[in-house]
Structure formats: structure tokens, C-alpha cells
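Before any comments, here is the structure.
2 protein chains.
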Amino acid sequence: MREGIPDEEDGRVPPSRGKRRVRADAQRNIDMLLHTARTVFAASGVNATVREIAEKAGVGIGTVYRHFPNRSALVAAVFRHEVDACADAASVLAATHPPDEALATWMQRYVDFIVAKRGLAAALHAGDPAFDALPAYFEKRLRPAMQALLETAAAAGKVRGDVDPYDLLRAVASLCTPDRDGGAAQARRMVALMVDGLRYGATRDGC
Amino acid sequence: MREGIPDEEDGRVPPSRGKRRVRADAQRNIDMLLHTARTVFAASGVNATVREIAEKAGVGIGTVYRHFPNRSALVAAVFRHEVDACADAASVLAATHPPDEALATWMQRYVDFIVAKRGLAAALHAGDPAFDALPAYFEKRLRPAMQALLETAAAAGKVRGDVDPYDLLRAVASLCTPDRDGGAAQARRMVALMVDGLRYGATRDGC
DNA sequence: TTGTATACGGAACGTCGTTCCGTTTATCAA
DNA sequence: TTGATAAACGGAACGACGTTCCGTATACAA
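As they're listed, the protein sequences go chains P and S.
The first sequence begins at 557 in the numbering used here and counts up by one.
The second sequence begins at 557 in the numbering used here and counts up by one.
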């Protein structure tokens, strides 16, 4: 066996653990599908056709369904993929920038993620069981990322320490869906303002 | 060029204004379709099939498409229908109850509306052009209703006068979509609390 | 009652998500 | 290197959907 492995909880078909490894061409197609799907979803929205994705990935339809049980699973996998990318960006930034700068930069990165996923956010609340686990995954990956950045910045005295990481994530997400057509620019400004607000309280101690 | 007339802005096919009136059987079918669609949407969600609705309404598919250009238009028409019903309830309550009681009762009526429309709310943000006009219609009908109730109650000294009607409508709508599974009961309690909050400030004057 | 614009019903079309299966290929043991 | 075989591939085919089309039925004005 490869590992203890608590259920993949991934949308992908488990690789029938045991004998052979995953074939190289299969892995190549999975990566290609995820990459293509991400591009197509970004360009044409989450309602893009399975056929379109398969074609642009240079792959037959059957291949898509070999790796993903259904369309929703592909959407969910892309979502997880981007959550991972966003979460990973946090540690990279933390290692290469001063604490408050890392925080501010990552917040903008997070805004990009939220704005790009607006179409999917609508689908999330539509009751497809394939999406049930996504909010939990969102919290699981993104909360620690934000928490680490906040704590580091707070320890350096650059930011107040009384802010709950997940509250902040949700607040920013709300700011990014203004119902009005303020667009991404407005959202970015509001979030920048929020980060300044975090910095402001740092010099004091109490409330 | 058939007419001057500022577009129906209704989802329905305009009755080719001019010669004849709408045929009686046609009107009967339209009413039946709206009623059936409302029931089916409530029971099976907004993704219910056109065929199912047609069948339960005792009507052919062609008849549905004679009166509604597409599925989305039927959904939009049902939505408008229920917005109207909710708005009309306000004036009825205002005429039959004391001001603050009318307000409190209508708020609960509004909660019922919002909760029932949760599934549709997701579809609203999915970019279907048939739904573009719905938020405006929502505001156009519901804001005056709420405003009238608020002003009457405020004039009677039962409620504070510094609350924007539309802000309140939106706030209640937010309370009714808790992401968690608090359900309708929790939403009702929160809104009741909110109404009590309105009443509380009435005895004072300033902030 | 009759003429006709209007409305009706449902077969048929194109597209979608998904399944199925004959064919191709990567991998491993010999 | 070669052969055996599990794995992956491609795309035709299926059922369900939204929508269109058109021959038939019917309400209404005369």
C-alpha cells in the first residue's frame, strides 16, 4: 500500500490501489484536462460543454469520463486545484516578503481567486451533491494560510491581533460580490482599505 | 413596426396588440401554467422540466412555448407573480391591522417569500439574460411596500424613522441565506428580533 | 352559421451529459 | 526484445432536455 490515506475525498476516480502505477499517458491527460478545463471555464463560464473541454484538450470524451465520474466532479477538481494554488501562494509569499507585505499581496491574490470563481459560486448553492464538500475544503486550505500570514504579521507588530482569519476571508468574499457592477477594481480597493485598517490598529493594544 | 409602447418588460409574449382580445382558453392556460409552475418549482426546484410542468398543467408543450419564449421566461414570470403577491399583501395588511402589527406580519410574509426563492436566487446570479430585469422589478415592487409600512408605523410612533426600507429588505434577505443549515426557523427568529429592534428605538428620538 | 385569426398538441430536431465497448498502448516479466 | 495483459483510449450511441414546426382544433366576430 502506498499510504494510510484517509479517503481521497477528491473528485477523481481512485487509482484502484494495488498492482500497477498510474500510466504515464493517463496522468498526462488528467493534467491536460484540468488545465484546459480551468482555461475554458474562465473564458466561457462553468456551463462550458464537456465536449468542448475534451476537444480543446485533444482528448476523447470517454477519456474525460474515465478520470472524472461526471461533469460536476471536473468542475470540483478545478476548484480544488485553484484553492490549492491560492493556499500555496501564501507560504511562498511568507518566505519571500516582509510580513505585512506578504499579507497585503496575498489578500489581492485571494481577491483574484474569488472574483474568478464568481460563476462557480452560483453553482455551489444549486444543490449538486458533487459540490457539498467544497466549502469545507475551502476553509480547510485557506483558513490556515490566512491565519499564518495574520499571526506572523501580528507578531511583527504590523497588524492587530484580534481578527479571526475565517471571518476575514468571508468578509472579503462578500466584498467581492457587490451585486452592483462595481467590478473587480472596486473590490480590490475595498480590500486594500481593509488591509490598511488592519495595519492601523497595530500601534495600539486594546480594542 | 407594431407599436410605440415601451416593451412589456414582462417575460410573456406580447399579445400582438391591435385587433382581437386574448382568447379565453389562452388566458386560462396561461393562468394554469403559472399556477402549476409555481407549485412544481416549489416542490422540485427551479430545475423542473418543461415537459413536467406542461403535463401537470394538462397542456401540450407547444402551448407553453406559445406563451413563454423559453423556460427562463416562465421562471421569471413566476418570480414576478410572487413578488406581486408579496407586495400586494402589504397594502392588505396595512388596511386590516394596526401599523406595527402590519409591519411585523408582513416581514414574516416576506421571509417566507425569500426562503421559498432560495433556489431561484442561485439561478439569478448565473448570467441568464432573461433574469437581468428581475432585481429591478424586485426593488420596484417591494421597496414601496416596505416603505409605506415603515412610514405608517413610524408616524404612529411605533418604530424608529431612520431606517432605509431597501437596506432592511436586503438585510433580511441576507439573514435568510445563512450558508449553514439553520433553516427557516432560525431566519424567522432573527427577523423577529430585528423587528423588535425597530420597535425599541421608537421611544427615543436621537441615534 | 361561417370564416379566419388564434391557439393547441406533440412529433421531431439539435445538443447535452453520460454509457458502452472495440481498439490501442504503456508497462512488466521473461 | 518480446509477448501478455491490464489499463486507457476514442467516439458512436442513448436518453433527456429545451426548443421548433406544422397540421389540426377552436373561440370569436360577422
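Beta carbons: idealized from backbone N, C-alpha and C, even for Gly.
Per-residue DSSP class, three states only, for residue i
i                     : result
residue 718 (chain P) : coil
residue 661 (chain S) : helix
residue 577 (chain S) : coil
residue 605 (chain P) : coil
residue 639 (chain P) : helix
residue 587 (chain P) : helix
residue 684 (chain S) : coil
residue 613 (chain S) : coil
residue 654 (chain S) : coil
C-alpha distance - residue i paired with residue j, whole-angstrom precision
i                     : j                     : result
residue 657 (chain P) : residue 651 (chain P) : 11 Å
residue 696 (chain P) : residue 645 (chain P) : 15 Å
residue 618 (chain S) : residue 625 (chain S) : 11 Å
residue 569 (chain P) : residue 594 (chain P) : Residue confidence for residue 569 (chain P) is low, a pLDDT of 48 falling below 50, so the modelled location carries little weight and cannot support an answer.
residue 699 (chain S) : residue 718 (chain S) : 15 Å
residue 711 (chain P) : residue 678 (chain S) : 41 Å
residue 672 (chain P) : residue 598 (chain P) : 7 Å
residue 583 (chain P) : residue 649 (chain P) : 29 Å
residue 705 (chain S) : residue 666 (chain S) : 13 Å
residue 722 (chain S) : residue 703 (chain S) : 8 Å
residue 663 (chain S) : residue 724 (chain S) : 10 Å
residue 605 (chain S) : residue 613 (chain S) : 12 Å
residue 588 (chain S) : residue 610 (chain S) : 10 Å
residue 694 (chain P) : residue 701 (chain P) : 11 Å
residue 661 (chain P) : residue 654 (chain P) : 10 Å
residue 590 (chain S) : residue 607 (chain P) : 35 Å
residue 807 (chain S) : residue 627 (chain S) : Residue 807 (chain S) lies beyond the residue range present for chain S, which begins at 557 and ends at 763; the question has no answer from this structure.
residue 686 (chain S) : residue 714 (chain P) : 48 Å
residue 716 (chain P) : residue 659 (chain P) : 12 Å
residue 616 (chain S) : residue 585 (chain S) : 10 Å
residue 688 (chain S) : residue 633 (chain P) : 30 Å
residue 601 (chain S) : residue 720 (chain S) : 32 Å
residue 726 (chain S) : residue 670 (chain S) : 10 Å
residue 623 (chain P) : residue 690 (chain P) : 19 Å
residue 675 (chain P) : residue 709 (chain S) : 41 Å
residue 643 (chain P) : residue 728 (chain P) : 15 Å
residue 603 (chain P) : residue 630 (chain P) : 12 Å
residue 692 (chain P) : residue 647 (chain P) : 20 Å
residue 579 (chain S) : residue 620 (chain S) : 15 Å
Proximity test, Cβ basis, 8 Å: residue i and chain S
i                     : result
residue 729 (chain P) : no
residue 672 (chain P) : no
residue 678 (chain P) : yes
residue 618 (chain P) : no
residue 713 (chain P) : no
residue 601 (chain P) : yes
residue 653 (chain P) : no
Neighbour flag for residue i against chain P, beta carbons, 8 Å
i                     : result
residue 598 (chain S) : no
residue 688 (chain S) : no
residue 682 (chain S) : yes
Residue i - containing alpha helix (DSSP H), residue span
i                     : result
residue 673 (chain S) : No alpha helix (DSSP H) contains residue 673 (chain S), which DSSP labels as neither H nor E.
residue 704 (chain S) : 690-711
residue 618 (chain S) : 617-623
Legend entry - Validate contact between the segment 682-702 of chain P and the segment 672-688 of chain S using beta carbons, cut 8 Å, 3 pairs: They touch, by the three-pair rule.
Legend entry - Touching by the beta-carbon criterion (3+ pairs, under 8 Å), the segment 631-648 of chain P and the segment 580-596 of chain P: With contact defined as three or more Cβ pairs closer than 8 Å, the segment 631-648 of chain P and the segment 580-596 of chain P are in contact.
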